[in-house]
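One structure is given below, encoded as structure tokens.
Protein chains: 2
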Amino acid sequence: MSQVLDRIRNGVDSEQMYGTLDALKANPELGIFQFRAHNHWIDGAHNRSKIQAFYGAGQEDTTRNQTFVLDAGEPAILLGADTGANPAEYLLHALAACLTTTLVYVAAARKVRLTEVESTLEGDMDVRGALGISDEVRNGFSRIRVSFKVKGDAPPEKLREVVERAQARSAVFDMVTNGVPVEVGVVTA
Amino acid sequence: MSQVLDRIRNGVDSEQMYGTLDALKANPELGIFQFRAHNHWIDGAHNRSKIQAFYGAGQEDTTRNQTFVLDAGEPAILLGADTGANPAEYLLHALAACLTTTLVYVAAARKVRLTEVESTLEGDMDVRGALGISDEVRNGFSRIRVSFKVKGDAPPEKLREVVERAQARSAVFDMVTNGVPVEVGVVTA
Chain A
34 MSQVLDRIRN GVDSEQMYGT LDALKANPEL GIFQFRAHNH WIDGAHNRSK
84 IQAFYGAGQE DTTRNQTFVL DAGEPAILLG ADTGANPAEY LLHALAACLT
134 TTLVYVAAAR KVRLTEVEST LEGDMDVRGA LGISDEVRNG FSRIRVSFKV
184 KGDAPPEKLR EVVERAQARS AVFDMVTNGV PVEVGVVTA
Chain B
34 MSQVLDRIRN GVDSEQMYGT LDALKANPEL GIFQFRAHNH WIDGAHNRSK
84 IQAFYGAGQE DTTRNQTFVL DAGEPAILLG ADTGANPAEY LLHALAACLT
134 TTLVYVAAAR KVRLTEVEST LEGDMDVRGA LGISDEVRNG FSRIRVSFKV
184 KGDAPPEKLR EVVERAQARS AVFDMVTNGV PVEVGVVTA
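Sequence lines, in order, name chains A and B.
Heads up, this note's numbering is the position in the first sequence plus 33, with the first residue counted as 1.
Heads up, this note's numbering is the position in the second sequence plus 33, with the first residue counted as 1.
This is the structure in structure tokens:
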């Protein structure tokens, strides 16, 4: 029992984690993943993404047996009907979720047991950019602030180190801070 | 009836849209918005964001009467239990949703009636970066491909123009392609 408890830290199976890392070191091509989303417009600001299939570790995934369905919307003041969080809010969630999971994995690897991880994110936007009224402001957030509250069985400086390492390794933090090349194709028929 | 139909295009009330744009032109400070997300860790790769409050148009919003709850996870091969789409997939959804809504609004403003908007997004990632195994690959997607299928009562070139304009104005497209400054603070007590 205590061996099992030692092995599972922060809900992460450390034996499985080390096994995965070893497999990737031995066979780097297993690291190639492709994630996907399919979106369709419903009405106005209401659209819906379905997410299930992905490629990874040398094959098309067959283990995920459910489709995640995500509805987007806008509040009334941005001409929507609140059919879901808006796209910019989804981006904040993506960032919060990725920093948190990375932090939890890093802590597990460093043998830190966490008891609480919370974060509040704020993104500042002048919507005149996206609405096409002003070219002097950008379309997206001018900045994002993330405030973490982290508790666990380690001294504050160790917990801070874990958060710093999470920033250094988070996939979405990398994308949101550094940007990603995006190609857009259109079929009209 | 036909006046109402003329006014509502693609689920967007064009009279409300022009009213909003006029108000923002007259009072640029109404364009200042702040969007927020609160996230808490549950276990392993499972964490949850709650999204409701935002600031915009000169005041704290009071119209949104529901909290959007978003669960994140990872598939088993990435040490999770599929408790939700993963953070990188949420980013794809944010991008799809923003491009789509922007496209729908642009079409409404240009008097194009859309009948179908679908998109497929693919993001390529070598997970050795985020897992800390390799410094030679980045943590996030190396690239994202977006494939739109758009139909409506306009010639193909007009529909393509609408998609191009959506790219030029989408908040999340701007953020994902250009990056955003992100500040991270930590409280450990």
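The C-beta atom is built at its ideal place from N, Cα and C for all residues, glycine as well.
Given the structure is predicted, the values throughout are model-derived calculations rather than measurements.
Taking only three categories from DSSP, how would you classify G212 (chain A)?
Position 179 of the first sequence, counted from the start, is the residue given in the question as residue 212 (chain A). G212 (chain A) falls in the coil class under three-state DSSP.
Can you tell me the Cβ-Cβ gap for M158 (chain B) and V209 (chain A), rounded? I've got them flagged as a contact below 8 Å.
For the purposes of this step, residue 158 (chain B) is identified with residue 125 of the second sequence, where counting begins at 1. For the purposes of this step, residue 209 (chain A) is identified with residue 176 of the first sequence, where counting begins at 1. With a Cβ gap of about 14 Å, M158 (chain B) and V209 (chain A) do not count as contacting.
Nearest to S152 (chain A) by CA position, among A:K184, A:D46, A:K144, is which residue?
Locating residue 152 (chain A) in the first sequence gives position 119, counting from the first residue. The shortest Cα separation from S152 (chain A) among A:K184, A:D46, A:K144 belongs to A:K184.
Between the Cα of P108 (chain A) and the Cα atoms of B:G218, B:V45, B:N72, which residue gives the shortest distance?
Within the first sequence, numbered from 1, the residue matching residue 108 (chain A) stands at position 75. Minimum Cα distance to P108 (chain A) is reached at B:V45.
In chain order, what residues of the same chain lie with their CB nearer than 6 Å to the CB of V215 (chain B), ignoring the 5 residues before and after it?
Indexing the second sequence from 1 puts residue 215 (chain B) at position 182. Nothing listed; no residue qualifies.
Let's test the definition: count the other Cβ atoms within 10 Å of the Cβ of M34 (chain A) and tell me whether it reaches 16, buried, or not, exposed.
Here the question's residue 34 (chain A) lines up with position 1 in the first sequence. The predicted model places M34 (chain A) with a pLDDT of 49, which falls under 50 and marks its position as unreliable; any figure quoted below should be read in that light. It counts as exposed.
Of the residues that make up the stretch 56-72 of chain A, which ones have a beta carbon closer than 7 Å to any beta carbon in chain D?
Absence of chain D from the displayed structure is noted, the protein chains being A and B.
Identify the residues that DSSP records as bridge partners of Q92 (chain A): which are they?
As a first step, residue 92 (chain A) is located in the first sequence; it is residue number 59 there, counting from the start. In the DSSP output, where bridge partners are listed per residue, Q92 (chain A) has A:G89.
Straight-line Cα distance separating N72 (chain B) from T116 (chain B)
Indexing the second sequence from 1 puts residue 116 (chain B) at position 83. Indexing the second sequence from 1 puts residue 72 (chain B) at position 39. Approximately 15 Å, taken between the alpha carbons.
Out of curiosity, what's the CA-to-CA distance linking R42 (chain B) and K144 (chain B)?
Taking the first residue of the second sequence as 1, we reach residue 42 (chain B) at position 9. Taking the first residue of the second sequence as 1, we reach residue 144 (chain B) at position 111. If you take the alpha carbons of R42 (chain B) and K144 (chain B), they lie about 7 Å apart.
The beta strand (DSSP E) that contains S203 (chain A), what's its start and end?
Along the first sequence, read from residue 1 onward, the residue named residue 203 (chain A) stands at position 170. Looking at the DSSP string, S203 (chain A) is not in any beta strand (DSSP E), and its letter there is neither H nor E.
Does the beta-carbon distance from V21 (chain A) to V150 (chain A) come in below 7 Å?
Given a span of 34 to 222 for chain A in the structure shown, any question on residue 21 (chain A) remains unanswerable.
Show which residues of chain B have a CB atom less than 9 Å away from the CB atom of V145 (chain A).
Along the first sequence, read from residue 1 onward, the residue named residue 145 (chain A) stands at position 112. Here the premise fails: no neighbours, minimum Cβ distance about 11 Å.
Q67 (chain A) bridges to which residues according to DSSP?
As a first step, residue 67 (chain A) must be located in the first sequence, where it is residue number 34. In the DSSP output, where bridge partners are listed per residue, Q67 (chain A) has A:Y88, B:D157.
The beta strand (DSSP E) enclosing D104 (chain B), as first and last residue numbers
Residue numbering aside, residue 104 (chain B) sits at position 71 when the second sequence is read from its first letter. Here the beta strand (DSSP E) through D104 (chain B) covers 101-105.
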